Structures are given as C-alpha cells and as structure tokens.
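Sequence order for the protein chains is A and B. Each step along the first sequence adds one to the number in full-length UniProt numbering, with nothing skipped, and position 153 is 153. Each step along the second sequence adds one to the number in full-length UniProt numbering, with nothing skipped, and position 239 is 239.
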Amino acid sequence: MIKPKIQYTRVEPSNYGQKITAVLLIMVLIYICMSFWKGQIEWQYVSENLFTPTVLSGVWSMIIMTFLAMALGIILGVMAAVARMSDNRVLQSVSIFYVWLFRGTPALLQLLLWFNLALIFPHLSLFGLVEVRTVDVMTPFVAALLGLGVQQGAYTSEVVRAGILSIDKGQLEAAQSIGMTKFEAMVRIILPQAMRVIIPPIGNETIGMVKLTSLASVIQYSELLRSVEDVYYVNSRVIELLLVAAAWYMVVVTILSIGQYYVEKYFSRGWGADTAPQKQSKLTNAVAEGE
Amino acid sequence: MSVIISAEQINKHFDDLHVLKDVSLDVHEGEVICIIGPSGSGKSTFLRCINQLEVTTDGIIRVMGEIVGYREDGDKLHRLSDRKIAAQRSRVGMVFQRFNLFPHKTVLENILEGPVFVQKRNKEQVKKEALEILKKVGLSNKANSYPNSLSGGQQQRVAIARTLAMKPDAILFDEPTSALDPELVGEVLAVMKELANSGMTMIVVTHEIGFCREVADKVVFMESGEIVAVESPENMLTNPTHARLKEFVSAVL
C-alpha cells in the first residue's frame, strides 16, 4: 500500500541579521563616498591628470619594473629552490644563505644599499678586463631592479620549494626509471607539475610587486608614485594626484588578477579537462582512422 | 639462455634495519620470475635495488653482465656518474604499484618521453611504435587523454606501454595490481600474460597466486629479507618443500 504523499512547504530561516548588516554597510559606503565628494578634492584635477605624459610614463615604468623584477625574482627563486633540493651540499648552503640574507632585511633598506653600492665597491671589474665606476652602472633603474628582484627571489624560492615538495616522490622515480637524471626529471617532470601549486602564490606576489615598486621612488626611479609626486610638488594638488596614482594601481592589479586566472588554468591541464588542447587533434584523427 | 639479471649476495640496510640478507638470484632471458612473500619481506626493496632506486650496501647486481651503479677496477668499485646510472636504468623497465604516470602529459606524451627525450630517437618513428604498443594494450582510443581521466587499470596499462616503448632488456613489476579495484586486476594481468608469452624477461612482485601459477617460470618466496624458497609454480601449490611457503600460499589462496 502506498502512503499518500504530503505536500510540505519548505521554509528557510529569515536572515534578518544579514539584511541589517547589508543595509548598515551600504550606509557606511555612501557616507565615505559623500565625504570624498564633499571633501577638499578638486575632481577635475584628477581627471585632468589621469592621462598626462608624466603620469603615463610613471605607469609604464611601474609595469616594466614589476615585470623585470618578477622575472629576475622567479629565475633566482627557481635556481635557489633547485639548488636547495639538490644532493650537492655546497649548492644547498649557498641557497640557504641567500634566502636568509635577503629575507632578513627590509626591501626599502636593500634598495638604498644597492643604490649606494659605490660606497663599498667604488669600481666594478670583470676579471680585470673591463673596469667601470659603480656610480655609472648603478642607476636608479638598475638599483631598483636588483633591489626588488633579488629580494623577491628569496621569497619565490620558498614558494617554488613548497611546490616541488608537493609532488609525489613516485614522479621522480618514474622519471628516473625511464633514464632521466635527477636534474632532467626536475626540469621536465617535477617543475611543470609544481607550477600548478606555485602559480597562485606567484600571482599574489606579482600583485605585491606592483605596489612594492613604489619603494623605488626613494632612489629617484621615476615610477608612478614618483611621477605624481613630481606633479604635486609643482601644483600642490596632493590628494588629487595621489588618487590618480591609486586609480592606476587598481587598474594594473585588476588586469593582473584576470591574467592570473588564465595562467592558472593553463598549468592545471591534466587535472580538470580530460582531453588535450586542440593542437593535437590531428593525431587523434590519425588514431581514429587507424582503427 | 643468457643471464639478464643476476644478484650476487646483496645486502641492504636502512640504518639499523637489515632488509635484504645475502639475496642471490639469476634471471635468464625470457624468464618470468614471480616474487611472493608477506609484506615487509624485502620484495620491493630487492626490485628497487635492481633499478638503483635504492643502493645496496653490499654485494653486486649485474644487468647484461654489467655491474649496476659502479665501475669495476681490480678490487675497487667506483660509483658511476648520475648520467651513467640513468643510462643503466633506462635499460630495465619498471612498473610501479601506483602507476606514477606523468599527470601533466597525455598518454601519448607519457610514452614518448623516454624514447624521444632520453634515448633521442626519431619522434615520428617512435610515435608510430607508441601507437602500435597502445593498440597492444587495448588503449588506442586514449592516446590524447590525460592519465587522471583513465581508470586505474587503464593507467597501469599505459605505464606498461611507457616502459615497453623504451625497448628494455627486462621489466620489473612492483605489485602492479595491488592498487587496483578487484574488477580491474584482470585487464592488467592479461596484458602482462601476453607480454610474458612474447618472451619478455620479467620479475614480478605480486600477491596474485593465480598469475604466478599460470605465467611464472619460477616462484621466489621471500621472508624477512631472505629468499626462503625457489619453486616451480606447480610445486608451489601442490607440493611446497618449505613449510612456511605452504602456510603462506594457503593463507593467500
């Protein structure tokens, strides 16, 4: 015998708490917006200065510096991580020392040290062949690049090492069993898989680097913050130009966040989608025909 | 029949643990040796020593007459470079319990990696061979799939294909079906049977007594790091000479 089905009405809890908090938050937001609107901000200076050549060149320098410093940081970071994981005691020690040294002091201090390197090494020479004065080489650009890139490498190496450690030991053994040396296995098998783990924190650090470049303003590298400073020293529109800089930082960070999504997707291949990218479809067809 | 692999009184210690005790074994061309025994008896370690994933602490192993891992010079053994050890490893295939396919590469790329990158053989030629091998293991339609989209049994067959593509002198199987769902064991064993019948030299660490009986030329029983008995598969079941082997077999069956 079948029991007659009762039609229940399902009632969800009414989230008064959520609704009240939302209303409060919106009110706070409106208040802040109003303050900005009514405050001593001449908004036309903001819009006027958004696209001036000085500001745009600052934006460009910031992007270039972010890109180059991260590139240097990733190269040094991967090298340091691989050295740390190798069987070579000397390489291990060098790597540990490098991370210890460059994580140990503030980035701002390191920038100043690089910029003033001439006080310690007045001349730089290449095996006595070429000799140059350090002050000529250590321009604000070079000092900023080294300062930001080298300290970034120390952080990145720990991220890369965590990525390598996350890969199952069987992968190394399988690679070795088909005749790869440990180093080859690292480059071809372990690192590409570790990328899946490494990319999200690296993306995070790239975004951090965008803002870290502003430190380079203290050594006269004319990135974004320095550029707007140069403008407000002249026209005294401090808050307006700082808002211009803020807007540009937000734009660049937003674009990078979107880019990060696509890079992550690429390095996750094999974990989600079950077939290869389109480029291999030719072979699939060949196989299908062969059957 | 020439000897492909020979272990001469090898010992292996993990710190204070003596895991292999004077293990000696000759494997001839085309032979299929099954190694059985309780877990912790040193079966896998023995296999891993042959492929130098572990280094023996004493005694020598030869593959095709050549001492693995060392160069002989009078009464001295000089440790070989990483590169030379890698070259020796590439001549003996290994199939792992957990498959260990490269998850970021497709099935075909997994198979091509060794022959193309390590052995530097012509890619087009190898690709043809690889597709042939895939057909043999029944996975032609999976060439462009990623390993994680395959079942365990399919993954293990790809792992066997990856090893075969290297054209090894012998293949070592380390509990190849232990990580599989029971219903998937058969398809892997079938591929291994076919391989055995084609004359491949194989050492198989396994708990599949049925497979031993059907395919093995010799069954090696290990316990506490020692080879306790070497039997023909018929004797192993009907008339084991060693009491402990009898006990083990009846427990497993």
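We put the beta carbon where it would ideally sit given N, CA and C, even for glycine. None of these values were measured; they are calculated from a predicted model.
At a cut-off of 8 Å between C-beta atoms, residue 208 (chain B) does not count as an interface residue with respect to chain A.
Remark: C-beta atoms of residue 218 (chain A) and residue 256 (chain A) do not approach each other more closely than 8 Å. Residue environment for residue 55 (chain B): exposed (fewer than 16 other C-beta atoms within 10 angstroms of its C-beta).
Neighbours of residue 53 (chain B) in chain A, taken as residues at a C-beta separation under 8 Å, are given in chain order as 173, 176, 177. Of all residues in the region 112–138 of chain B, only 113, 114, 115, 117, 118, 119, 127, 131, 134, 135 place a beta-carbon less than 9 Å from a beta-carbon of chain A.
Non-local C-beta neighbours of residue 189 (chain B) in its own chain, meaning closer than 7 Å and more than five positions away in sequence, comprise 177, 208, 211, ordered along the chain. For the set B:116, B:74, B:180, the Cα lying nearest the Cα of residue 178 (chain A) is the one of B:116. Fully enclosed beta strand (DSSP E) runs of no fewer than 3 residues occupy 58–63, 70–73 of the region 46–76 of chain B, in order along the chain. Taking a Cβ-Cβ cut-off of 8 Å, the neighbours of residue 82 (chain B) in chain A comprise 181, 182, 183, given in sequence order. The contact set of residue 79 (chain B) on chain A, defined by CB atoms closer than 9 Å, is empty, because the minimum CB distance reaches about 12 Å. DSSP places residue 162 (chain B) within a helical segment (H, G or I) once states are collapsed to three. Around residue 86 (chain B), the beta-carbon contacts reaching into chain A at under 8 Å are 176, 179, 180, 181, 184.
Boundaries cannot be given for residue 216 (chain A), as no alpha helix (DSSP H) includes it and DSSP labels it neither H nor E. Inter-residue distance for residue 121 (chain A) and residue 101 (chain A) is about 19 Å (C-alpha atoms, whole angstroms). According to DSSP, residue pairing for residue 26 (chain B) in a beta bridge involves B:6.
In this structure, the beta-carbon distance from residue 228 (chain A) to residue 58 (chain A) falls below 8 Å. Taking C-beta separations shorter than 8 Å and ignoring five residues to either side along the sequence, the partners of residue 117 (chain A) in its chain run 134, 138, 143, following chain order. At a beta-carbon threshold of 9 Å, none of the residues of chain B lie near residue 89 (chain A); the nearest stands roughly 16 Å away. Distance from residue 111 (chain A) to residue 216 (chain A) at the Cβ level is roughly 6 Å; contact confirmed, criterion being Cβ atoms closer than 8 Å. DSSP places residue 133 (chain A) within a strand segment (E or B) once states are collapsed to three.
Per the DSSP secondary-structure output, residue 93 (chain B) pairs in a beta bridge with B:171.
Considering only B:16, B:30, B:42, B:110, the residue with the shortest C-alpha distance to residue 224 (chain B) is B:42. Fewer than three pairs of CB atoms, one per stretch, sit closer than 8 Å, so the region 122–130 of chain A makes no contact with the region 40–53 of chain A.
By the beta-carbon neighbour count (other beta carbons within 10 angstroms, threshold 16), residue 83 (chain B) is exposed. In the structure shown, residue 194 (chain B) falls within a helical segment according to DSSP collapsed to helix, strand and coil.
DSSP links residue 116 (chain A) through a beta bridge to no other residue.
Within chain B, the residues placing a beta-carbon under 7 Å from that of residue 189 (chain A) are 102, ordered along the chain. When Cβ-Cβ separations below 8 Å define contact, residue 41 (chain B) makes no contact with chain A. At least one CB of chain B lies nearer than 8 Å to the CB of residue 269 (chain A).
Non-local C-beta neighbours of residue 268 (chain A) in its own chain, meaning closer than 8 Å and more than five positions away in sequence, comprise 196, ordered along the chain.
When Cβ pairs closer than 8 Å are counted between the two stretches, the region 21–29 of chain A is seen not to touch the region 184–200 of chain A, the count staying below three. Under the Cβ distance rule, residue 163 (chain A) does not count among the residues neighbouring chain B, no pair being separated by less than 8 Å. Listed in chain order, the alpha helix (DSSP H) elements of length 4 or more contained wholly in the region 216–269 of chain A are 224–235, 238–267.
With a cutoff of 8 Å on beta-carbon distance, residue 222 (chain B) and residue 35 (chain B) are scored as near each other.
Of the candidates A:169, A:202, A:82, A:169 places its Cα closest to the Cα of residue 97 (chain B).
Scanning B:78, B:63, B:103 for the CA closest to the CA of residue 192 (chain A) turns up B:103.
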